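Visitor: Below are the structure tokens for one structure; questions will follow.
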Amino acid sequence: ILKSFSHDEL
Amino acid sequence: MNVFRLSGDVAHLIAIIILLLKIWTSRSCAGISGKSQILFAVTFVARYLDLFTNYVSIYNSVMKIVYLLASFGTVYLMYMKFKATYDHNHDTFRLEFLILPAIALSLIINHDFAVIEVFWTFSIYLESVAILPQLFMVSKTGEAESITSHYLFALGSYRALYIVNWIYRYYMEGFYDMIATLAGIVQTVLYCDFFYLYITKVLKGKKLQLPA
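Top line first, the protein sequences correspond to chains A and B.
Going by my numbering, 1257 is the number at position 4 of the first sequence; the sequence numbering is gapless.
Going by my numbering, 350 is the number at position 122 of the second sequence; the sequence numbering is gapless.
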């Protein structure tokens, strides 16, 4: 897992 | 934020508004699956639990609230105000077949085994299949009003635009979210057959009618 979660989408 | 993501959000918003206006102006929700609308409302609630804990931008917060209100408004119109017009005889998809696997999968495959994160993951899995009761209803009755097909087209476009957005973000920002992307691809694929019918029939002025 490189870039994980940053829930900035809808 | 990029143009694909913004267009996707706008397409999503247009879909929701088309549906609300269709129900409001015709005073009828005939041909619309209440079950799909319940699933979308559940999706938004589960996903936007972070509304007060994870601030992204004014845009994000406002859109989250609009989606929540609109989805609840749609469910209210279908199950309360215009209940008499709700075509429940044709809306027979079993919701547990979608909800239970989405719960199970979100508990197994997630980015982090934390409450908000599992809810977010559940919402992603559930949204990817939430349109199935509606597509099932269209296939059962064999047709859809053109306004219903415009709604489905806008909703499918939203998903397709999000995929372009993810490709763009991967190359431009190195950002990717495997769970959202895979579920998003599944969701978009579900619309493919419908897209084909929409382009070959509805855009030529014909009614969306499935081959007998």
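Backbone N, C-alpha and C define an ideal beta-carbon position, used for all residues, glycine too.
On a predicted model such as this, the values are computed, not experimentally measured, just so you know.
I'd like to know whether the C-beta of residue 233 of chain B is nearer than 8 Å to at least one C-beta of chain A.
Guide: At least one chain A Cβ lies under 8 Å of residue 233 of chain B.
Visitor: For residue 372 of chain B, does the three-state DSSP call read helix, strand or coil?
Guide: strand
Visitor: Can you find a CB in chain A that lies within less than 8 Å of the CB of residue 426 of chain B?
Guide: Closer than 8 Å to the CB of residue 426 of chain B there is not a single CB belonging to chain A.
Visitor: Give the secondary structure of residue 323 of chain B by DSSP, where H, G and I count as helix, E and B as strand, and everything else as coil.
Guide: coil
Visitor: Just to make sure I have the definition right: I need the residues of chain A whose C-beta is within less than 7 Å of the C-beta of residue 237 of chain B. Which are they?
Guide: For the C-beta of residue 237 of chain B, the chain A residues within less than 7 Å are, from N- to C-terminus, 1263.
Visitor: According to DSSP, residue 436 of chain B sits in a beta bridge with which residue or residues?
Guide: B:372
Visitor: Are residue 444 of chain B and residue 374 of chain B close, meaning C-beta to C-beta below 8 Å?
Guide: Summary: the structure shown does not reach residue 444 of chain B, with chain B confined to residues 229 through 440, and so no result is reported for it.
Visitor: Tell me the rounded alpha-carbon separation between residue 377 of chain B and residue 359 of chain B.
Guide: Answer to the nearest angstrom: the Cα atoms are 13 Å apart.
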